[in-house]
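Some notes on the structure that comes next.
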């Protein structure tokens with residue numbers, strides 16, 4: 040990353056509340072865009088305030104992956120453009136300082152692991168981006184350094200607990216859905232005060248439990264990921280019909296989770312182990328990417344949990360096409376989202392495991408924020424199969440009530456993760472909130488050391 044600085048948003052406005060129809064959504068978005076718009080300097084310019092649709096899709100040629108551009112050309116998607124200039128992203132000043140102190144401190148091993156230059160060993164913990172300066176023209180390891188920076192900016196958001204909907208979607212509506220109770224614990228990259236004892240040298244631990252529908256209730260999975268590049272993930276699953284915990288091959292992480300088009304290696308954008316792939320740099324580019332427009336207006340509703348950690352409350356649960364009765368596009372379209380033009384790195388990963396489902400993965404990663412944009416997957420024969428589409432956010436500052444310390448987090452008002460199977464014309468959408476009050480949507484939470492073990496799978500499965 041060439042520069043990190045705490046940005047100041049010049050874009051404020053009223054929050055968009057719960058909306059019951061597309062008309063109401065566009066009225067609310069229109070109020071927001073009145074604040075965000077820069078006047079177009081010439082007719083036909085894809086400027087902030089423009090709505091990209093089937094009427095003007097040509098303006099986005101070269102700025103979107105072909106399969107996404109096709110959605111605008113055919114009227115499947117329709118989204119406003121907002122302005123997201125460089126320099127307004129609100130980095131935590133402590134994270135910025137740590138990133139600068141990492142300059143020249145780390146290198147990459149032949150396996151792809153981060154090593155300390157001074158010792159030649161893997162550091163036990165890293166805070167900040169490990170690679171503040173990346174020059175793809177001079178560095179053969181640029182691609183994997185970009186990926187490690189993506190990981191460390193994401194891990195800095197903290198361990199998490201979310202109750203979310205996983206929805207199987209066809210072009211005209213929903214096939215089925217499940218509710219998942221999901222827990223992630225990260226051992227690296229967080230603010231040092233959240234650093235955990237790590238005698239087993241974990242990178243992360245993960246638990247997911249299906250709470251509905253009835254035929255999936257109690258189905259659970261557990262993952263331990265190790266920082267050792269030569270130690271493969273440990274994975275287990277609990278299947279209620281068998282009433283037992285069974286080990287699962289790490290190669291299965293590329294398979295569809297619960298038969299969906301989204302895999303465990305998708306995670307928040309890409310959750311594979313970096314060392315399990317051979318990475319190469321493809322190009323620098325500009326792309327239009329999906330963003331939360333409300334993220335640039337102001338703070339979401341968020342409060343400090345009694346046991347520690349932040350819970351974000353999303354008052355409006357409508358995000359995608361099938362949730363709006365008068366929507367006429369494709370059912371998984373990110374109706375509530377906007378698009379912003381951003382500079383990205385494009386990198387490519389080829390799995391070292393020939394049993395991995397995909398033969399090549401292409402990742403678009405923001406050059407400034409290191410948030411992911413597009414994750415395109417190809418078969419071993421080169422055929423394009425799947426594109427994961429995710430939303431990006433501004434950050435906001437929250438004051439911890441226990442001690443007055445400021446913490447910086449994504450200013451999220453909704454989530455959108457969509458794994459589109461372009462070959463079979465269907466998709467899986469994750470991150471939508473289920474019905475109910477006080478739904479877990481938590482970051483920087485703490486879990487007991489014993490939570491991520493097989494006993495937890497048995498307990499949840501009963």
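Residue numbers (the numbering used here): 40 to 501.
The beta-carbon is built from N, C-alpha and C at its ideal position, and this holds for glycine as well.
By how many angstroms is the C-alpha of residue j removed from the C-alpha of residue i?
i, j, result
"residue 91", "residue 84", "11 Å"
"residue 488", "residue 210", "43 Å"
"residue 206", "residue 153", "36 Å"
"residue 296", "residue 469", "11 Å"
"residue 447", "residue 98", "35 Å"
"residue 166", "residue 135", "10 Å"
"residue 231", "residue 449", "19 Å"
"residue 319", "residue 186", "11 Å"
"residue 248", "residue 273", "17 Å"
"residue 182", "residue 280", "43 Å"
"residue 321", "residue 477", "43 Å"
"residue 217", "residue 94", "36 Å"
"residue 333", "residue 212", "26 Å"
"residue 215", "residue 329", "25 Å"
"residue 305", "residue 455", "13 Å"
"residue 236", "residue 199", "17 Å"
"residue 494", "residue 348", "24 Å"
"residue 343", "residue 302", "31 Å"
"residue 285", "residue 291", "13 Å"
"residue 116", "residue 177", "39 Å"
"residue 463", "residue 486", "39 Å"
"residue 309", "residue 414", "7 Å"
"residue 149", "residue 315", "12 Å"
"residue 108", "residue 100", "7 Å"
"residue 377", "residue 157", "45 Å"
"residue 426", "residue 412", "10 Å"
"residue 259", "residue 452", "28 Å"
Kindly give me the distance between the Cβ atoms of residue i and residue j, rounded to whole angstroms, as I take these residues to be in contact under 8 Å.
i, j, result
"residue 171", "residue 138", "5 Å"
"residue 467", "residue 458", "5 Å"
"residue 120", "residue 159", "The Cβ separation is near 48 Å, so there is no contact."
"residue 208", "residue 361", "6 Å"
First and last residue of the alpha helix (DSSP H) that includes residue i?
i, result
"residue 189", "181-194"
"residue 140", "132-140"
"residue 106", "105-112"
What would DSSP say about residue i, mapped onto helix, strand or coil?
i, result
"residue 453", "coil"
"residue 342", "strand"
"residue 318", "strand"
"residue 306", "coil"
"residue 384", "strand"
"residue 92", "coil"
"residue 148", "coil"
"residue 495", "helix"
"residue 47", "Reliability of the predicted coordinates at residue 47 is poor, the pLDDT of 35 falling under 50, and the value obtained from them is presented with this limitation in mind. Coil at residue 47, not helix or strand."
Between which two residues does the beta strand (DSSP E) harbouring residue i extend?
i, result
"residue 427", "423-429"
"residue 403", "399-405"
"residue 277", "273-278"
"residue 155", "153-155"
"residue 233", "Where residue 233 is concerned, there is no enclosing beta strand (DSSP E), given that its DSSP letter is neither H nor E."
"residue 165", "It is not in any beta strand (DSSP E) - residue 165 carries neither H nor E in the DSSP assignment."
"residue 369", "Premise fails: residue 369 is in no beta strand (DSSP E) and is neither H nor E."
Among all the DSSP beta bridges, which residues are the ones paired with residue i?
i, result
"residue 482", "199 and 349"
"residue 379", "121 and 328"
"residue 205", "217 and 469"
"residue 437", "446"
"residue 459", "426 and 466"
"residue 244", "224 and 263"
"residue 417", "399 and 423"
"residue 475", "DSSP output for residue 475 lists no bridge partner at all."
"residue 323", "384"
"residue 390", "316"
"residue 288", "Residue 288 pairs with nothing; no bridge assigned."
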